[in-house]
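Colleague: Questions regarding the structure given below will be posed in turn.
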Amino acid sequence: MSGTPREEVMLPGVPALPGLYRQALGLAARRRMLRAAVAPAVPAVQHRADGVRVDLGALTRFQQLLGSAARDAVPSAYVHTLAFPVAMSVLARPDFPLPLLGMVHLSNEVYQERPIDAAETLDVVAWAEHLRPHAAGTQVDVVIELRMGAELVWTGRSVYLARGVRLDSAGSDGRRDEDRPSFAVPTPTGVWRLGADTGRRYAAVSGDWNPIHLSGLTAKALGMTTAIAHGMYLAARMVDQAVPAPSGALQWRIDFATPVLLPGSVTTSFTRAGDESGRRTDVVGWSAKRRRPHFTGWVRAE
Amino acid sequence: MADQAGAQTAALPPRTAVVIGGNRIPFARSGGAYAYSSNKDMLIAALDGLVARFGLQGERIGEVAAGAVLKHSRDFNLTREAVLGSALSPETPAYDLQQACATGLETVVGLSNKIRLGQIDSGIAGGVDSASDAPIAVSEGLRRVLLDLSRAKTTQQKIKVLATLRPKDLSPNAPTTGEPRTGLSMGEHQALTTAAWEITREAQDELAYRSHHNLAAAYDRGFFSDLMTPYRGLTKDANLRADTSLEKLATLKPVFGKGLDTPATMTAGNSTPLTDGAAVVLLGSEDYARANNLPMLATIVDAEAAAVDFVTGEEGLLMAPVHAMPRLLQRNGFTFDDFDFFEIHEAFAGTVLSSLAAWEDPDYCKRVLGLDGALGSIDRSKVNVNGSSLAAGHPFAATGGRIVASLAKTLSEKGGRGLISVCAAGGQGVVAILEAR
Numbered sequence: 000m001s002g003t004p005r006e007e008v009m010l011p012g013v014p015a016l017p018g019l020y021r022q023a024l025g026l027a028a029r030r031r032m033l034r035a036a037v038a039p040a041v042p043a044v045q046h047r048a049d050g051v052r053v054d055l056g057a058l059t060r061f062q063q064l065l066g067s068a069a070r071d072a073v074p075s076a077y078v079h080t081l082a083f084p085v086a087m088s089v090l091a092r093p094d095f096p097l098p099l100l101g102m103v104h105l106s107n108e109v110y111q112e113r114p115i116d117a118a119e120t121l122d123v124v125a126w127a128e129h130l131r132p133h134a135a136g137t138q139v140d141v142v143i144e145l146r147m148g149a150e151l152v153w154t155g156r157s158v159y160l161a162r163g164v165r166l167d168s169a170g171s172d173g174r175r176d177e178d179r180p181s182f183a184v185p186t187p188t189g190v191w192r193l194g195a196d197t198g199r200r201y202a203a204v205s206g207d208w209n210p211i212h213l214s215g216l217t218a219k220a221l222g223m224t225t226a227i228a229h230g231m232y233l234a235a236r237m238v239d240q241a242v243p244a245p246s247g248a249l250q251w252r253i254d255f256a257t258p259v260l261l262p263g264s265v266t267t268s269f270t271r272a273g274d275e276s277g278r279r280t281d282v283v284g285w286s287a288k289r290r291r292p293h294f295t296g297w298v299r300a301e
Numbered sequence: 000m001a002d003q004a005g006a007q008t009a010a011l012p013p014r015t016a017v018v019i020g021g022n023r024i025p026f027a028r029s030g031g032a033y034a035y036s037s038n039k040d041m042l043i044a045a046l047d048g049l050v051a052r053f054g055l056q057g058e059r060i061g062e063v064a065a066g067a068v069l070k071h072s073r074d075f076n077l078t079r080e081a082v083l084g085s086a087l088s089p090e091t092p093a094y095d096l097q098q099a100c101a102t103g104l105e106t107v108v109g110l111s112n113k114i115r116l117g118q119i120d121s122g123i124a125g126g127v128d129s130a131s132d133a134p135i136a137v138s139e140g141l142r143r144v145l146l147d148l149s150r151a152k153t154t155q156q157k158i159k160v161l162a163t164l165r166p167k168d169l170s171p172n173a174p175t176t177g178e179p180r181t182g183l184s185m186g187e188h189q190a191l192t193t194a195a196w197e198i199t200r201e202a203q204d205e206l207a208y209r210s211h212h213n214l215a216a217a218y219d220r221g222f223f224s225d226l227m228t229p230y231r232g233l234t235k236d237a238n239l240r241a242d243t244s245l246e247k248l249a250t251l252k253p254v255f256g257k258g259l260d261t262p263a264t265m266t267a268g269n270s271t272p273l274t275d276g277a278a279v280v281l282l283g284s285e286d287y288a289r290a291n292n293l294p295m296l297a298t299i300v301d302a303e304a305a306a307v308d309f310v311t312g313e314e315g316l317l318m319a320p321v322h323a324m325p326r327l328l329q330r331n332g333f334t335f336d337d338f339d340f341f342e343i344h345e346a347f348a349g350t351v352l353s354s355l356a357a358w359e360d361p362d363y364c365k366r367v368l369g370l371d372g373a374l375g376s377i378d379r380s381k382v383n384v385n386g387s388s389l390a391a392g393h394p395f396a397a398t399g400g401r402i403v404a405s406l407a408k409t410l411s412e413k414g415g416r417g418l419i420s421v422c423a424a425g426g427q428g429v430v431a432i433l434e435a436r
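Chains W and H, in that order, are what the protein sequence lines are.
At the far end of the first sequence sits residue 301, using numbering that gives the first Met the number 0, and the numbering has no gaps.
At the far end of the second sequence sits residue 436, using numbering that gives the first Met the number 0, and the numbering has no gaps.
Spelled out as C-alpha cells, the structure:
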C-alpha cells in the first residue's frame, strides 16, 4: 500500500466493461488529438463498489470453461474477474496517465484468506499505485481488495505495462529484453490445447471483451500480431489445476513472459514442493515449438 | 488417517464395516437449480461437504466407488475425476459402478465388503445423476456414417459413405427410461404391477402424502443438518411439498396405465419426478473410526441382490427386492419383526405398496418365492420415517447414498435394526441390513 492518502470514489455498482472500453477509446482519441500532457502520476483515488454478488449461472459457465468443478466455492481467479471492472474504472479515468487499451499484463499476485462462497456479498476497492519505468515503457500496479463486511478476504496486485510510453520524469530501469535469462525447458506434465475461439469463449464467461483476445483482426488493430490468450484465463487454469479444492488460505502468483498466440498449445509443468506453511506447486507454461516460456507461477495452499 | 489396510493379513476373519456419516446436496427437479451442473460437478460438491465435515482434506481414502445411470461417454472415469477435483489425496483410488437405481446401494455393499475383508480401511460410496444434463447421442445411422467416414481413405470413398446418410439420421437420441427389451417405460411397467396387486389410487396418494409430510418434519427438526450441504442456492430438496394434501394429490390426472382395462391410478404425485443430485457415504472399519475419532452410526450387516424375469411378464419389473428379501432374512435368521425401520425406495408409491402386499400374500410367497407361507407384514409406521424418493426426488444413482446415510443416522439416534430395499431397471433389486451400534 502506498503512503499517499487516497480519496474514495463510491461507484453505484460494478461498472460494465464494454462501456469502460468505449470510454478508454474516446479518451485515447482525445489525447491524440489534443496532444494533451498528462501528469506523470496515478490519481490518488480508490474506486469502491459495495454489495457485489456472484451470479450462479455465470459462475457455472466460467468454471466449466476453465475445466474446474462447478462447486459453490468461487475460483480465486474468478474473484479477480468479478472485481476487475472496478479496477478498470480507475484505469479509464481521464487523469490516469497511461493508455488503457493495449496495456500488457505482466504479473498477478493474489492472497486469499479463505474459500469464498458464491452466496457471499463482497465489497470491492481498487486503486493504482507505484507508477514506474520499465525497459519497454512504463509499468503500474493495480491493487484490488475484497471484503466481506470488515474481513479482508482477497487481495490481488496486478502489474501492467504500457509499452513505449515514457512519462516525463521517468527514465529507463536499465533492463533490456536481451537481459532475460535463457529458458531451461522443464519436464512437461501436460499440455493445454487452445482453439482459435479461446479468447472469445473466455470473454463470454468473464465479460472482458478486450479486443486483443477476440480475433486476429481486432488484436492487429491494437498492435498485436494476432489474438492472444487472456492472462487471467491462463492464471485460472493454473490455480485450479494446482489446487483443485482449496480448503484454507490460498496464495498464488503468475508472471507472464511471451503471449500465448491463438490458436496454440501451452506445454505445462506442475511441480509439487512442500514448504513450511503448506503445499506449494510451481508451474511453468511454455511453447514447445519456440522453446520460450509463456508464464511461470506458483500456488500455495494452506 | 491414511488407509492402513495393507498392514492387515488377508487371512484374518471378517471385520465389521460401519457407516461413519454421509453427505448429499439437496435434490433439484430436472431443469431446475442444477440444470447446468454436470454429474462430475455434483459428485464433487457432495464429496466437498463430506471432506469438510470429517476433516478428510489431503487424506488417502481406501477406495471411492460411485456411479451415474445417465452417464456421458467422456465420464468413463467419473468417480476418479471427481476425486481428483476434490480435496482428497490424489492417491485415493476410485472406480465407477452402474446398476441402474441400485448403483448407490451397491457401492456401499461393495466397499463395505472390502472393509470386512481387510482390503481397505475406509471407503466413500455414492452416486450422482442428472436428468437435466443428460448425454444426447447421435442417431445410430449418423454414428455409423461418421465411423465409416473416419476409415475412408480416398475422396471417392468419403463421398460414397456420405451418400448413405439420410435426413432422419440427423435427429439425436436422448436417453429414455424405457426398458430396451420391452419398450415399456418404467412407469408403464409399474402400472402393470400396480394393477395386478390391485393397489388403489387412495393408498398410493396416502403413501405420497406421508413421504412429503415425513420429509418436511425431518427438515423441521434439523435431521439433515449434518447429512447435507447446500448447492447452487438450494438448501432443501426442490421437490418437497410440505403443504401437499390428500385432496390436492387426488386432483392430479393419471399418467401411467391409461391403456389398461383397470382404472389408471399412477399420477405425477405418486410417481417420482426426474431429478438431479448426488449423495455420498463415508464407510470404515471400527479401528479406522476409533483411530480417527469418527462416529460410528451403524453397522452394515449384510446385503442381497436379486433379478426377475420381467421380459415375459413372469414378474413385475420392479419386484426383484421382493425376491431378495426372504433370502437375506433367512441367511441372517431374521423376520420383519426384528426390524425397527424400513427404507423402501419409492420409485413409485405403487412399487412400495405392491412389495408390501406381495410379502403379506401367503399364496404368492409359496408359489413364487418358495416359502412356507407369507413372509410377513410390515408396520406402515416404520416405513420411510424421514420421507423417501416421492418427496425428496430420485436422482437414480444418488438414492442409495441418501437412504444409507439417513437410515444410519436414524439408527444412531433411536437404536435398533433397519432394512433397505431398492428396486432397479432391468428387473433388478438390492436389499441390505443395517444395525445400530
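The C-beta atom is built at its ideal place from N, Cα and C for all residues, glycine as well.
Because the structure is a prediction, the values reported are computed rather than measured.
Got a sec, what are the start and stop residues for the beta strand (DSSP E) W:E6 sits in?
Modeller: Along the first sequence, read from residue 1 onward, the residue named residue 6 of chain W stands at position 7. Segment E6 to M9, the beta strand (DSSP E) holding W:E6.
Colleague: Between the beta-carbon of H:A44 and the beta-carbon of W:R113, is there less than 8 Å?
Modeller: Here residue 44 of chain H refers to the residue found at position 45 when the second sequence is read from its first residue. Here residue 113 of chain W refers to the residue found at position 114 when the first sequence is read from its first residue. For H:A44 and W:R113, no; Cβs fall outside 8 Å.
Colleague: Smallest Cα separation from H:T163: which of H:P171, H:V144 and H:P92?
Modeller: Counted from its first residue, the second sequence places residue 163 of chain H at position 164. For H:T163, the nearest C-alpha among the options comes from H:V144.
Colleague: By how many angstroms is the C-alpha of H:G312 removed from the C-alpha of H:S353?
Modeller: As a position in the second sequence, residue 353 of chain H is number 354, starting the count at 1. As a position in the second sequence, residue 312 of chain H is number 313, starting the count at 1. Going from the Cα of H:S353 to the Cα of H:G312 covers about 15 Å.
Colleague: Mind reading off the beta-carbon distance from W:F294 to W:T188? Whole number of angstroms is fine, and I expect it under 8 Å.
Modeller: Taking the first residue of the first sequence as position 1, residue 294 of chain W is located at position 295. Taking the first residue of the first sequence as position 1, residue 188 of chain W is located at position 189. With 8 Å as the limit, W:F294 and W:T188 do not qualify as a contact, their Cβ atoms being about 15 Å apart.
Colleague: Can you round the beta-carbon distance between W:Y159 and W:V103 to whole angstroms, since I take them to be within the 8 Å contact cut?
Modeller: Here residue 159 of chain W refers to the residue found at position 160 when the first sequence is read from its first residue. Here residue 103 of chain W refers to the residue found at position 104 when the first sequence is read from its first residue. 7 Å between Cβ atoms; contact.
Colleague: Any idea which residues DSSP pairs H:I432 with across the strands?
Modeller: Residue numbering aside, residue 432 of chain H sits at position 433 when the second sequence is read from its first letter. DSSP lists H:D301 and H:L418 as partners of H:I432.
Colleague: Hey, out of H:F309, H:I402, H:D286 and H:G332, whose CA is closest to H:L191's CA?
Modeller: The residue given as residue 191 of chain H occupies position 192 in the second sequence. The shortest Cα separation from H:L191 among H:F309, H:I402, H:D286 and H:G332 belongs to H:F309.
Colleague: Counting beta carbon pairs with one atom in the stretch 90-104 of chain W and one in the stretch 52-71 of chain H, are three or more of them shorter than 8 Å?
Modeller: Touching, no, given that fewer than three Cβ pairs across the two stretches are closer than 8 Å.
Colleague: Let me know if W:K288 comes out buried or exposed under the rule of 16 or more other beta-carbons within 10 Å of its beta-carbon.
Modeller: In the first sequence, the residue the question calls residue 288 of chain W occupies position 289. By the 10 Å Cβ count, W:K288 comes out exposed.
Colleague: Contact check, H:G84 vs W:A244 under 8 Å by CB: the rounded distance?
Modeller: Your numbering for residue 84 of chain H matches position 85 in the second sequence. Your numbering for residue 244 of chain W matches position 245 in the first sequence. About 7 Å separates the two Cβ atoms, so the contact holds.
Colleague: Entirely within the stretch 210-279 of chain W and at least 4 residues each: give me those alpha helix (DSSP H) ranges in chain order.
Modeller: You should have 215-219 and 230-241.
Colleague: Which first and last residues belong to the beta strand (DSSP E) in which H:V18 is found?
Modeller: Walking along the second sequence from the start, residue 18 of chain H turns up at place 19. Run containing H:V18: A16 to R23, per the beta strand (DSSP E) assignment.
Colleague: Going along chain H in order, which residues have a C-beta closer than 9 Å to the C-beta of W:P11?
Modeller: By one-based count along the first sequence, residue 11 of chain W stands at place 12. Neighbours of W:P11 in chain H, taken as residues whose beta carbon is under 9 Å from its own, are absent, since the nearest beta carbon is some 25 Å off.
Colleague: For the alpha helix (DSSP H) that H:N331 lies in, which residues bound it at each end?
Modeller: The count along the second sequence starts at 1 and reaches residue 331 of chain H at position 332. Counting along the chain, the alpha helix (DSSP H) containing H:N331 begins and ends at A319 to N331.
Colleague: Residues in the stretch 56-75 of chain W with C-beta within 8 Å of chain H's C-beta atoms, listed in sequence order?
Modeller: Only G56, T59, R60, Q62, Q63, S67, A68, A69, R70, D71 and A72 from the stretch 56-75 of chain W bring a Cβ to less than 8 Å from some Cβ of chain H.
Colleague: Flag W:S246 as yes if its beta-carbon sits less than 8 Å from any beta-carbon of chain H, otherwise no.
Modeller: As a first step, residue 246 of chain W must be located in the first sequence, where it is residue number 247. Answer yes: the Cβ-Cβ gap between W:S246 and chain H drops below 8 Å somewhere.
Colleague: Taking 7 Å as the cut-off, is the CB of H:R59 close to at least one heavy atom of the ligand ATP?
Modeller: What this structure holds is no ligand at all, so the ligand ATP is not there to describe.
Colleague: What's the C-alpha gap between H:S149 and W:R192?
Modeller: In the second sequence, counting from the first residue as 1, residue 149 of chain H sits at position 150. In the first sequence, counting from the first residue as 1, residue 192 of chain W sits at position 193. Cα to Cα, H:S149 sits roughly 22 Å from W:R192.
Colleague: If you draw a straight line from the alpha carbon of H:V384 to that of H:D120, how long is it in whole angstroms?
Modeller: Taking the second sequence and counting its residues from 1, one reaches residue 384 of chain H at position 385. Taking the second sequence and counting its residues from 1, one reaches residue 120 of chain H at position 121. Distance between the alpha carbons of H:V384 and H:D120: 31 Å.
Colleague: Give every residue of the same chain whose Cβ lies closer than 7 Å to the Cβ of W:S214, excluding the five residues on either side of it in the sequence, and list them in chain order.
Modeller: For the purposes of this step, residue 214 of chain W is taken as the residue at position 215 of the first sequence. Excluding sequence neighbours, W:S214 sits near A226.
Colleague: Could you check if H:I158 is buried or exposed, using at least 16 other CB atoms within 10 Å of its CB as the buried criterion?
Modeller: Here the question's residue 158 of chain H lines up with position 159 in the second sequence. It counts as exposed.
Colleague: Determine, using beta carbons only, whether W:P42 comes closer than 8 Å to chain H.
Modeller: As a first step, residue 42 of chain W is located in the first sequence; it is residue number 43 there, counting from the start. No, its Cβ sits nowhere closer than 8 Å to a Cβ of chain H.
Colleague: Mapping DSSP to helix, strand and coil, what is H:Q156?
Modeller: In the second sequence, residue 156 of chain H corresponds to position 157, counting from 1. Residue state, collapsed to three classes: helix.
Colleague: For H:S131, decide whether its Cβ has a neighbour in chain W, counting only Cβ atoms nearer than 8 Å.
Modeller: Locating residue 131 of chain H in the second sequence gives position 132, counting from the first residue. Taking Cβ atoms only, chain W never reaches closer than 8 Å to H:S131, which makes this a no.
Colleague: Name the chain W residues that come within less than 9 Å of H:G232, Cβ to Cβ?
Modeller: Position 233 of the second sequence, counted from the start, is the residue given in the question as residue 232 of chain H. Those are L55, D71, A117 and A118, listed as they occur along chain W.
Colleague: For a contact defined as C-beta to C-beta under 7 Å, what are the partners of H:L83 on chain W?
Modeller: Residue numbering aside, residue 83 of chain H sits at position 84 when the second sequence is read from its first letter. Near H:L83 (Cβ distances below 7 Å), the residues of chain W are P243.
Colleague: Go through the stretch 361-416 of chain H residue by residue and report every complete run of the alpha helix (DSSP H) that reaches 4 residues or more, in order.
Modeller: DSSP runs (the alpha helix (DSSP H)) wholly in the stretch 361-416 of chain H: 361-366, 388-391 and 398-413.
Colleague: Let me confirm a value: H:D362 is counted as buried when at least 16 other C-beta atoms fall within 10 Å, else exposed. Which label applies?
Modeller: Looking up residue 362 of chain H in the second sequence gives position 363. Label assigned to H:D362: exposed.
Colleague: With 8 Å set as the bound, which would you pick, yes or no: does the beta-carbon of H:A86 sit closer than that to a beta-carbon of chain W?
Modeller: Counted from its first residue, the second sequence places residue 86 of chain H at position 87. Under the Cβ distance rule, H:A86 counts among the residues neighbouring chain W, one pair being separated by less than 8 Å.
Colleague: For chain W, is any of its Cβ atoms less than 8 Å away from the one on H:A16?
Modeller: Within the second sequence, numbered from 1, the residue matching residue 16 of chain H stands at position 17. No - not a single Cβ of chain W is within 8 Å of the one on H:A16.
Colleague: Determine whether the beta carbon atoms of W:V318 and W:V85 lie at a separation below 8 Å.
Modeller: Residue 318 of chain W is absent from the structure shown; chain W starts at 0 and stops at 301.
Colleague: Start and end of the beta strand (DSSP E) containing H:D236?
Modeller: On the second sequence, position 237 is the one that residue 236 of chain H refers to. Judged by DSSP secondary structure, H:D236 falls outside any beta strand (DSSP E); it is assigned neither H nor E.
Colleague: State yes or no: is the beta carbon of H:D40 nearer than 8 Å to at least one beta carbon in chain W?
Modeller: What you label residue 40 of chain H is simply residue 41 of the second sequence in a count that begins at 1. Taking Cβ atoms only, chain W reaches closer than 8 Å to H:D40, which makes this a yes.
Colleague: Which same chain residues, not among the five before or five after H:A306, have their C-beta less than 6 Å away from its C-beta?
Modeller: Here the question's residue 306 of chain H lines up with position 307 in the second sequence. The answer, listed in chain order, is A319, G426 and Q427.
Colleague: Quick one, which of W:L233, W:F83 and W:W126 has its alpha-carbon nearest W:D207's?
Modeller: Taking the first residue of the first sequence as 1, we reach residue 207 of chain W at position 208. With distances taken between Cα atoms, W:D207 lies closest to W:F83.
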